[in-house]
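Colleague: Counting in our numbering, the sequence shown runs from 4 upward without gaps. Built from N, CA and C at the ideal position, the CB exists for glycine as well. Just so we're clear, the structure is a prediction, and the values are computed from it rather than from any experiment.
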Amino acid sequence: DRARLAMNLIKSLDNHDDADVEELWLQEAERRYHEYRQGKLQTRSADDVFRDAFSKVR
């Protein structure tokens, strides 16, 4: 699902100007927020996310 979404977003970048890209990202953000509000997404604290990210770049 995520891979397909990423591919669709990448393909859409080739055929659209910046305003179109911004609209696509807005739609994606709204979709994710809707899924979050419905409890369909697994969440993590910002502390956990940053700890993991920093451990990978050190």
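Helix, strand or coil, according to DSSP, for Lys59 in the structure here?
Modeller: Lys59 falls in the helix class under three-state DSSP.
Colleague: Going by C-alpha to C-alpha distance, which of Arg34, Gln41, Tyr39 and Arg40 sits closest to Leu8?
Modeller: Measuring from the Cα of Leu8, the nearest candidate turns out to be Arg34.
Colleague: Per DSSP, what kind of secondary structure is Asp17 in: helix, strand or coil?
Modeller: Helix, per DSSP.
Colleague: Measure the CB-CB distance between Leu29 and Ser15 and report whether it falls below 9 angstroms.
Modeller: Not closer than 9 angstroms, so no.
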